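Chemist: Yeah, the sequence shown ends on 235 if you go by my numbering, and it's all consecutive.
Using N, Cα and C, we set each Cβ at its ideal position, and we do this for glycine too.
Keep in mind that this is a model prediction, so the values were computed, not measured.
What follows is a structure written as structure tokens; I'll ask about it next.
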Amino acid sequence: GVLEVQLQTQKDAIEAMKAGGVEMSRGSEKLLEDYNDVCAKLTQNIALNGQLRERVMLGEEVIANLGKIREQYESEKKLREAAEEQVSKLQDQVANMNVVQNLSKLAARGMAG
């Protein structure tokens, strides 16, 4: 990135100065090393931020998908409950029909007896 280019340019300039016999004071060299460290860390952080952003986006995607799955589950649950209610009503009707049949059998027996 831009930072790396700037860093390299400054390093090249310093190397040229040293090669040309220009001595830097120890303080200046130390400052430069610190500056380079900070720039390197910044570059690293920028890369990490990019990775984090990707992970956050993935996380948001997962959350959205979970939301869709939940909606689907809820609607299927409602359908299942409605179906169970229908089955229950049918079972009641069958039971009632059995009662009626049994009563009519008893009545028939009573008349026959």
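#1: Find out if the Cβ-Cβ distance for the pair isoleucine 168, glycine 123 is shorter than 8 Å.
#2: Taking the alpha-carbon positions, what's the threonine 131 to glycine 189 distance?
#3: DSSP state of valine 222, grouped into three classes?
#4: Tell me the DSSP secondary structure of glutamate 145 in three-state form.
#5: I need the DSSP call for glycine 181, collapsed to helix, strand or coil.
#6: Just to confirm before moving on: does the CB-CB distance between leucine 201 and leucine 164 stay below 8 Å?
Modeler: The relevant details are as follows:
#1: yes
#2: 50 Å
#3: helix
#4: coil
#5: helix
#6: no
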